[in-house]
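Just so you know, the numbering used here puts 96 at position 95 of the sequence shown, and the rest follows in order with no gaps.
Backbone N, C-alpha and C define an ideal beta-carbon position, used for all residues, glycine too.
Here the structure is a predicted model, which is why all the values come from computation and not from measurement.
Single-structure report; data block below.
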Amino acid sequence: MTDPLPDGLVPSHSSPIFTQDTLPDALQREHALAAGHWVMLNVLDGSLRFVNLETGETRKISAPDRVTIHPQARHRVAVDGPVRCRIDFFREARA
2 MTDPLPDGLV PSHSSPIFTQ DTLPDALQRE HALAAGHWVM LNVLDGSLRF
52 VNLETGETRK ISAPDRVTIH PQARHRVAVD GPVRCRIDFF REARA
């Protein structure tokens, strides 16, 4: 889950820094990235629970850990107490 991003990805954008009070509900429900899009979930303070719905694995992610989220992988996050996190988005380069 914390594997490096593949070579050749292009940074797309970053989210604002979310807290346990501002983490969008959409991120806490099942969702998946579009094909060709990757995310690096950075836990800056505190912790989150990351649920990989493809494998059923649930992991507590504590600062300063991060998680690489692959395209089309169904997942969600859950608040696990006080947290600050940011999401960095990347995409495959267009030919």
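> So, is H76 buried or exposed, given that buried needs 16 or more other C-beta atoms within 10 angstroms?
Replying inline: Using a 10 angstroms sphere on the CB of H76, the tally of other CB atoms reaches 16 or more, which defines it as buried.
> For the alpha helix (DSSP H) that D26 lies in, which residues bound it at each end?
Replying inline: Following the DSSP letters along the chain, one finds D26 inside the alpha helix (DSSP H) bounded by residues D26 to Q29.
> Is the number of C-beta pairs between the segment 58 to 73 and the segment 10 to 19 that are closer than 8 Å three or more?
Replying inline: Taking one beta carbon from each stretch, the segment 58 to 73 and the segment 10 to 19 have fewer than 3 pairs nearer than 8 Å; the two do not touch.
> Under the three-state reduction of DSSP, which class applies to H71: helix, strand or coil?
Replying inline: coil
> Roughly how many angstroms lie between the CA atoms of L49 and R67, to the nearest whole one?
Replying inline: 10 Å
>> Beta-carbon within less than 6 Å of A94's beta-carbon, same chain only, minus the 5 sequence neighbours each way: which residues are those?
In response: Non-local beta-carbon contacts of A94 in its own chain, meaning distances under 6 Å to residues more than five positions away in sequence, involve G9 and V11 in chain order.
> Per DSSP, L138 is paired with what?
Replying inline: An answer regarding residue 138 cannot be provided, because it is not within the stretch 2 to 96 covered by the chain.
> Who does D89 pair with in a DSSP beta bridge?
Replying inline: S15 and M41
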